[in-house]
Amino acid sequence: MKKNDLIKLLQSIEGNPNILIYNGFVEDYQDLDKEYIEDTLYKYDKTFIRNIINMERTHHGVLSNISDKEFDIRWKKEDWDFKNEFFGEENIKTRYGKNKKKVVLFNLKSRNKKVWDRMGSIEY
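Counting the sequence shown from 1 gives a position; this note's numbering is that position plus 232.
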């Protein structure tokens with residue numbers, strides 16, 4: 233959500249209630265911390281993804297390259313993610329190109345609670 237859309241949404245709420253975030257992992261709520269982090273998300277470059285797909289197809293015995301229509305469908309499914317720091321700076325340019333966007337990440341305040349599920353405990 234863009235900042236202006238969030239402001240518009242918050243201004244549409246009557247009164248001055250507390251704004252809480254629902255945490256679906258623990259089925260509870262948490263308050264927003266007042267601190268935030270500005271970061272960058274990246275999406276793999278189209279040429280890089282096309283080359284990877286074509287290498288996978290060759291590995292599986294498909295001799296033809298992916299069609300533009302198939303590629304467009306696959307490209308739309310590619311998600312934004314944090315930069316993989318294990319690649320060198322030159323590899324990062326090759327993998328991501330200019331596909332990046334600035335984001336703001338809010339932290340949630342800890343409620344000092346603990347829940348258990350089949351995988352163990354979750355502290356939040």
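All residues carry an ideal CB built from backbone N, CA and C; glycine is no exception.
From a predicted model like this one, the values you see are computed outputs, not experimental measurements.
Task: Per-residue DSSP class, three states only, for W348 - done: strand
TODO: Assuming N339 contacts D265 (C-beta within less than 8 Å), just tell me the rounded distance between them.
DONE: At roughly 4 Å, the Cβ-Cβ gap stays under 8 Å, so N339 and D265 are in contact.
TODO: Just grab the DSSP bridge partners of Q262 for me.
DONE: I253
Open item on the list: Please report the straight-line C-alpha distance between D277 and I269, rounded to a whole angstrom.
Closed with: For D277 and I269, the gap between their C-alpha atoms comes out near 25 Å.
Open item on the list: Using a Cβ-Cβ cutoff of less than 7 Å, which residues in the same chain neighbour R282 once the five nearest sequence positions on both sides are dropped?
Closed with: I298 and F303
Open item on the list: At the level of alpha carbons, what is the spacing between D300 and K234?
Closed with: 31 Å
- [ ] Jot down the residue ranges of each uninterrupted beta strand (DSSP E) in the stretch 291–344, minimum 3 residues, whole runs only, in chain order.
- [x] Listed in chain order, the complete beta strand (DSSP E) runs (minimum 3 residues) inside the stretch 291–344 are 332–340.
Open item on the list: Which residues does DSSP list as the beta-bridge partners of D271?
Closed with: V335
Open item on the list: So if DSSP puts E355 in a beta bridge, which residue, or which two residues, is it bridged to?
Closed with: K346
Task: Residue nearest to F318 in terms of C-alpha spacing, selected from D311, D260, W312 and R327 - done: Of the candidates D311, D260, W312 and R327, R327 places its Cα closest to the Cα of F318.
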